[in-house]
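Count along the sequence shown starting at 1, add 172, and that's the number in this note's numbering.
Backbone N, C-alpha and C define an ideal beta-carbon position, used for all residues, glycine too.
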Amino acid sequence: MLPEKSNISSFSKSNNYDKNSFASGEINQGFVPSLSALENNLEKKEQSQEEDNSKTPYLLELFKRRWAFILGATLGVTTGVTWWTFQQSPIYQGKFMLLVEKPMESQTQQNQLGTGLDGGNTNTNIDYSTEVQILGSASVLSPILKEISDRYPDIYEDINLQNLENLDIKQLDKTKLIEVSFRDEDPEKIAFVLDTIASEYLENGLNSGEQNIGEGLKFVRSQIPILEKNINNLQTKIEKLRTDYKFIDPQIQATELTQQLVAAEKEFFATQIQIQEAESAYNSIQQHLKLSPEDAIALSYLTESPRYQNLLKQLQEIEIELAKQSAVFTDLSPQIITLKDKQNNILNLIEQEKARYSLRNNNQKNLQEAIAIPSKMRDKLTQDLIAKRDEIKVLNSKKDSLQKVLDNLNQRIASLPAVTREYNNLQRELNTSTESLKRFLETREKLELDNVQNNLNWQIISPPQVGESPVYPIPLYNLLLGLLGGLTFGTVVASIIDKCDRSIYDVKKLKTVTQLPILAEIPFDKNINLTTKKQNIPAFFTSNSPQKESLEKDKLSLSSSLESFRNLYTNISLLTPNLPSKSVVISSSIPREGKSTISLNLAKVATSMGQKVLLIDTDFRLPQLHILVNVDNNQGLTHILTGKIPWQNAIQSPSQWDNLSIITVGEVLSDPSSLLYSQAMSTMMQQIQASQQFDLIIYDSPSLLSFSDGKIIASQTNGLILVVKIGSTKDYELRHVYEQLRVTNTRILGLISNEIR
């Protein structure tokens with residue numbers, strides 16, 4: 173929302189506007205805007221904007237911005253669900269029903285069926301949950317499944333005795349009926365399984381009334397020791413597993429091993445870095461010394477040898493004498509030959525001395541360079557070299573130890589999944605057996621308390637039947653579920669993307685970023701959405717044909733943006749009252765936000781109101797005004813600032829617009845900022861302002877995020893206006909530019925929101 177009156181007032185106070193300064197013609201000294209008129213104007217816009225916002229809820233705006241992603245996600249999920257649905261094999265279901273009641277309370281068969289079906293007089297003395305448990309127990313089903321397995325060996329995979337998968341035995345709510353159902357892909361198999369189960373129930377006397385509760389109690393008692401033994405075995409296995417692998421809980425051990433692995437890897441990588449650093453230092457020292465540690469030590473001993481020093485001294489004396497004699501005698505003279513023989517003898521003795529210290533086979537150049545190093549420095553380098561060599565050995569030993577630790581940890585971690593799986597399986601079996609034991613103990617207690625209960629009658633009132641239609645999957649249901657899930661998924665993800673997107677998509681968010689007043693809200697209009705390509709610029713702006721002038725004016729009049737530009741000019745006038753000549757800088761945070769188009773349209777609107785406008789293009793990086801107005805760029809601001817022409821000669825007046833003058837950029841230089849900082853720029857701006865030839869001077873400057881040109885120019889004008897392209901500018905970019913302008917005390921008149929859709 174737009175700033176409140178108090179915010180506008182505080183804004184004017186924080187910028188220290190001085191109305192008298194503008195009245196006296198001074199520039200950039202602050203001014204007091206006509207707050208009452210400006211506030212009324214902004215309040216009307218705020219009310220209108222709030223009404224528009226109330227009509228466009230967030231989801232609608234989200235669909236407008238992210239419709240492609242939401243549609244793609246919906247179609248993708250729906251297609252995936254549909255494909256998955258038709259890949260599934262159809263599953264059918266069959267069932268039959270048992271009527272369970274006490275014979276002493278039964279009446280006629282009709283009354284029995286009526287009572288069972290309407291649930292009016294359900295016998296509460298019958299423990300139907302126990303009966304269901306008995307029917308589904310392993311002792312009852314095992315012989316039945318064994319008989320079925322002769323025809324269908326995979327029956328044990330279909331019916332798991334632990335959880336009775338695909339076989340459902342339940343009491344119908346508030347009735348005496350127990351329903352037995354089975355699901356499978358083969359209808360014939362379903363019919364066979366249900367027929368076998370039903371016949372086995374009858375053959376084993378579950379519905380004959382001959383089995384009494386004593387037999388049931390005997391069965392329950394026989395199952396309890398089996399379950400207890402099974403529980404003890406499972407507990408023993410769990411304890412052995414914990415003892416063998418030394419853990420209490422595999423999850424805790426996995427966490428501990430992972431932490432140890434991370435710490436070891438961290439230390440291992442740190443050791444590697446230390447080795448690299450030590451090797452780098454070792455190579456650097458060796459490069460200076462040009463010797464191995466052993467040679468460096470040998471050289472130290474050699475240079476300290478008195479015999480070696482004496483030989484060097486003799487060699488030097490002979491070489492000096494040889495040089496003197498060579499000036500007098502030829503190489504074949506006895507004196508020269510004698511001296512050379514002595515020289516060779518001394519050299520042989522020196523080589524023998526080197527050999528004593530294992531230096532005979534070394535590179536003579538490296539050796540001589542090493543000997544030339546001052547002894548103290550050489551000794552220091554030798555000590556450092558030996559220290560680094562020893563350090564590298566220690567670090568490599570540590571690295572090998574850490575590698576063994578890592579291998580051990582990785583081996584233990586690699587074995588954890590199998591151990592964890594075995595542990596979980598044992599724990600799951602233990603829980604299942606414990607629950608079964610608990611149920612049997614509860615059943616035994618109930619049976620023992622009710623030892624006088626009568627026998628039960630079992631009757632199949634609905635024979636096994638298999639449904640013709642599959643119960644799974646249901647294509648229409650899955651399709652609708654896929655549509656709903658895809659739409660929900662796309663909307664949620666699009667909302668997350670939208671929340672993470674830092675772009676400014678509406679005026680409300682724009683106001684919260686800087687708390688600056690919005691001077692105009694320019695709607696999106698393809699007629700003024702100009703590009704930098706001349707061939708795409710509508711004739712409305714580029715044509716200079718007099719025959720088309722009336723048509724161009726009609727297009728602008730019909731454009732919905734005309735009133736926005738008029739409102740912009742009105743707000744600028746209210747912010748700069750009592751000034752015969754107003755000057756503003758129009759810029760943006762980033763390139764391609766429409767500042768040049770807005771500058772030109774503002775100038776056109778001002779000229780249509782009878783104002784004389786000078787439009788100056790100061791965007792040396794990406795000049796646009798000469799393209800938009802369709803004038804040449806042979807000479808312009810560059811020529812003025814370099815002193816080649818006066819500013820009056822650089823003004824061009826397009827024939828298609830009265831009262832509009834323009835100064836283009838001219839020649840583009842490599843360092844335009846130096847021109848804008850120059851005294852020539854300041855002098856030109858003061859002269860144009862002082863000439864009072866123009867009612868409004870507009871400077872089109874480059875984006876502020878990358879260049880400081882706009883701040884340079886704004887310091888000598890009545891203020892700066894920021895253009896923000898809705899949906900393009902990021903909030904952090906605008907906030908960064910705003911903070912820069914605040915630091916430099918640049919006068920900010922307000923914002924222009926561009927391309928509002």
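* Asked: Is it true that the region 661 to 668 meets the region 260 to 269, where meeting means three or more beta-carbon pairs spaced less than 8 Å apart?
  -> no
* Coarse secondary structure for ARG919, derived from DSSP in three states -> coil
* Asked: Going by the beta-carbon positions, is the gap between ILE744 and LEU921 smaller than 8 Å?
  -> yes
* Local Cβ density within 10 Å of TYR649, reported as buried at 16 or more and exposed below that -> exposed
* Could you tell me if PRO635 is buried or exposed, where buried requires 16 or more neighbouring beta carbons within 10 angstroms of its beta carbon? => exposed
* Is it buried or exposed for ASN917, if we count other Cβ within 10 angstroms and need 16 for buried? -> exposed
* To do: Report back the beta-carbon spacing between ALA450 and LEU567 to the nearest angstrom; my notes put them in contact at under 8 Å.
  => 6 Å
* To do: In the DSSP assignment, find the unbroken beta strand (DSSP E) run with GLU357 in it and report its ends.
  => Counting along the chain, GLU357 falls outside any beta strand (DSSP E), and DSSP gives it neither H nor E.
* To do: Just tell me which of LYS348, ASP789, SER780 has its CA closest to the CA of ILE869.
  => ASP789
* Do PRO795 and ASN805 have their C-beta atoms within less than 8 Å of each other? -> yes
* Own chain, CB closer than 7 Å to LEU511, minus 5 neighbours either side, in chain order -> ILE490, GLU493, LEU494, GLN497
* **Given HIS811 as reference, the closest of TYR454, GLU337, LEU847 once Cα atoms are compared** => LEU847
* With respect to the alpha helix (DSSP H) encompassing ASP881, which residues constitute its N-terminal and C-terminal limits? -> 881 to 886
* Can you name the start and end residues of the alpha helix (DSSP H) that TYR300 belongs to? -> 300 to 307
* Could you check what DSSP says for PHE792 in three-state terms: helix, strand or coil? => coil
* Asked: LEU265 lies in the beta strand (DSSP E); which residues open and close that run?
  -> It should be noted that the sequence gives Gln, not Leu, for residue 265. Taken as a continuous stretch (DSSP letters only), the beta strand (DSSP E) holding GLN265 covers 264 to 273.
* What are the residues that DSSP puts in a beta bridge with ASP340? -> SER353
* Asked: Hey, how far is the Cα of ALA778 from the Cα of LYS784?
  -> 7 Å
* **Short Cβ contact (8 Å threshold) for LEU374 with ILE585** => no
* **Three-state secondary structure assigned by DSSP to ASP843** => coil
* Given GLY291, which residues of its chain have a CB within under 7 Å of its CB, disregarding the five upstream and five downstream residues? -> Reliability of the predicted coordinates at GLY291 is poor, the pLDDT of 45 falling under 50, and the value obtained from them is presented with this limitation in mind. Once the five neighbours on either side are set aside, the close Cβ partners of GLY291 are LYS346, THR347.
* Asked: From GLN444 to LYS571, what distance separates their C-alpha atoms?
  -> 7 Å
* Give every residue of the same chain whose Cβ lies closer than 7 Å to the Cβ of PHE696, excluding the five residues on either side of it in the sequence, and list them in chain order. => GLU927, ILE928, ARG929
* Asked: Of all the options ILE447, TYR910, GLU319, GLU411, which has the alpha carbon lying nearest to the alpha carbon of GLN687?
  -> TYR910
* **Where THR287 falls, given that 16 or more other Cβ within 10 Å makes a residue buried** => The predicted position of THR287 is uncertain, since its pLDDT is 47 and thus under 50; a value taken from the coordinates is nonetheless stated next. With 16 or more other Cβ atoms within 10 Å, it is buried.
* Residue closest to ASN335, alpha-carbon to alpha-carbon, out of SER371, GLU607, SER854, THR408 -> GLU607
* Asked: What did DSSP end up calling VAL837 once you bin it into helix, strand or coil?
  -> coil
* **Residues sharing a beta bridge with LEU932, DSSP** => Shown here, the chain extends from 173 to 929; a query on residue 932 therefore has no answer.
* Asked: How should GLY891 be labelled, buried or exposed, when 16 other C-beta atoms within 10 angstroms of its C-beta is the threshold for buried?
  -> buried
* ALA822 to ARG738, Cα distance in whole Å? -> 28 Å
* **Distance between PRO229 and THR769 (C-alpha atoms, nearest Å)** => 31 Å
* Where does VAL638 fall in DSSP's three states? -> strand
* With GLU735 as the anchor, note down where its alpha helix (DSSP H) starts and where it stops. => 734 to 747
* Asked: With distances taken from CA atoms, which of SER667, GLU693, LYS438 is nearest TRP239?
  -> SER667
* Asked: Going by alpha carbons, who is nearest to GLN859 out of SER753, VAL253, ASN603?
  -> SER753
* **Proximity winner among GLN631, LYS409, SER641, ILE564, relative to ILE447 (alpha-carbon distances)** => ILE564
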